[in-house]
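S.K.: For reference, the structure I am asking about is given below.
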Amino acid sequence: MAVGRTGRGLMAPLLVVNLVVHLIMLGLAGWSLDKYINGEQNHPHLGGNTSTSFLLIFALIAGVVGAASVLYGLIHLRIWRTDSLAGAASSAIIALTIIALTFGFVCKEIILGGHRGKRLQTLEAMIAISLLSQLLYLVLLHAGMFRSRHRHGGIGTGHDPWSTGTTTVI
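Per full-length UniProt numbering, the sequence shown starts with residue 1, numbered consecutively.
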């Protein structure tokens, strides 16, 4: 089995996992930021330290950008053309960089220590899972790009992607 077909077959379940992880990230970060803004840092499930506010804001941004990346990925999976690959790959790279930045805040929060509640620890774990799954998705996306047959051309280009390039003279 070719690498491109394997990558395409694994991409759909991975995109579903990514979407679920990003939605959980959005829910936890939204709840935590709401409690943090209301001044409830002593909530038993929140806690935190000086880097918590930055972590929550960047987790919300990473969740939204990651969910948008998943939507581009689903569109690319359905169409499977080179022009959809460009959009899916660029959005996946942008999402990966923002998630990596958010993971840096997770590391800083762990290093600073202090009381971190259960939901904050769950958010930290979701960010780490999101980073790994987004990286795996990007690897599969590029493996499919190099070893699979994408349809070339776009709408209205007049290029037949399935032609062999030979002409028949009658």
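Cβ atoms here follow ideal geometry from the backbone N, Cα and C, with glycine treated the same way. Because the structure is a prediction, the values reported are computed rather than measured.
For I75 and L85, I'd like the C-alpha separation in whole angstroms.
M.R.: One C-alpha to the other measures close to 9 Å.
S.K.: Helix or strand or just coil, what does DSSP make of G39?
M.R.: Residue state, collapsed to three classes: coil.
S.K.: What did DSSP end up calling G30 once you bin it into helix, strand or coil?
M.R.: Helix.
S.K.: Using 8 Å as the threshold, is the region 58-78 in touch with the region 17-26, meaning 3 or more CB pairs across them?
M.R.: Counting Cβ pairs under 8 Å, three or more are found: they touch.
S.K.: Can you give me the start and stop residues for the alpha helix (DSSP H) that G73 sits inside?
M.R.: First-last of the alpha helix (DSSP H) with G73: 52-79.
S.K.: Can you name, in chain order, every residue of its own chain whose Cβ lies under 8 Å from the Cβ of F103, other than the five neighbours on each side?
M.R.: Closer than 8 Å at the Cβ level, and outside the excluded window around F103, lie I127, A128, L131.
S.K.: Out of V139, L140, E109, G114, point me to the one whose CA is closest to A125's CA.
M.R.: That would be E109, whose Cα lies nearest to the Cα of A125.
S.K.: Can at least three beta-carbon pairs, one atom from the region 114-123 and one from the region 35-54, be found at a separation below 8 Å?
M.R.: Contact between the region 114-123 and the region 35-54 is present, because at least three Cβ pairs lie under 8 Å.
S.K.: Please confirm if the region 63-79 is in contact with the region 90-98, defined as three or more CB-CB distances below 8 Å between the two stretches.
M.R.: Yes: the two stretches touch, three or more of their Cβ pairs being nearer than 8 Å.
S.K.: Give me the Cα-Cα distance between H43 and L136, rounded to the nearest whole angstrom.
M.R.: Distance between the alpha carbons of H43 and L136: 35 Å.
S.K.: Going by other Cβ atoms of all chains shown within 10 Å of its Cβ, with 16 needed for buried, is R78 buried or exposed?
M.R.: With fewer than 16 other Cβ atoms within 10 Å, it is exposed.
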